[in-house]
Amino acid sequence: QVQVVESGGGSVQAGGSLRLSCVVSGNTVSIGAMGWHRQGLGKERELVAEISAGGRTKYVDSVKDRFIISRDNDKNTIYLQMDSLKPEDTAVYYCKADRLRSLSEYWGKGTLVTVSS
């Protein structure tokens with residue numbers, strides 16, 4: 632079993648910053664890519680940022696130069712530093728972990744980020 636737990640969400644004003652954390656526990660052998668997805672009200676879930684086991688990153692265009700994803704493999708934890716937040720960043724942010732050489736993926740329950748104008 633794998634557990635994925637996010638933290639760090641909250642409410643900020645536009646231009647502010649938040650740092651999300653995601654810890655993976657349980658059977659963490661061969662955990663590969665991990666990432667952050669978000670779903671705004673009435674919107675589809677989208678990939679925000681992803682980081683491979685080796686540290687390679689990718690971002691959706693709307694957050695490039697504002698968000699940074701990082702990873703601590705010793706702690707089975709990833710982070711999302713979000714700066715210059717905009718109201719359109721308001722969403723529930725979900726963490727996902729993939730198992731290498733497998734179709735298995737594990738999701739957290741999400742953490743809410745609210746950005747007010």
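Under the working numbering, the first residue of the sequence shown is numbered 632, with each subsequent residue one higher.
Just so it is clear, CB atoms sit at the ideal spot from N, CA and C, and this is done for glycine as well.
Where residue i sits in the DSSP three-state scheme
i, result
"V694", "helix"
"C675", "First, the residue type needs correcting, since residue 675 is Glu and not Cys in the sequence shown. Three-state result, E675: coil."
"K706", "helix"
"D729", "strand"
beta-carbon residue i near the ligand ZN non-hydrogen atom, thresh 7 angstroms
i, result
"S701", "Judged by which ligands are present, the structure shown has none, so any question about the ligand ZN falls away."
Rounded straight-line distance, which links the Cα of residue j to that of residue i
i, j, result
"D703", "D720", "25 angstroms"
"V746", "Q644", "5 angstroms"
"I699", "Y725", "15 angstroms"
"G673", "A722", "10 angstroms"
"R669", "D714", "16 angstroms"
"S748", "K706", "35 angstroms"
"Q632", "S656", "8 angstroms"
"L731", "K717", "34 angstroms"
Cβ neighbour criterion (16 or more within 10 Å) applied to residue i
i, result
"G739", "buried"
"D696", "exposed"
The stretch 674-685 contacting the stretch 650-665, beta-carbon criterion three pairs below 8 angstroms: The stretch 674-685, when compared against the stretch 650-665, does touch it at the 8 angstroms Cβ threshold.
In chain order, each beta strand (DSSP E) run of at least 3 residues that lies wholly inside the stretch 632-669: As for any beta strand (DSSP E) of minimum length 3 sitting wholly inside the stretch 632-669, the runs are 633-638, 641-644 and 649-657, ordered along the chain.
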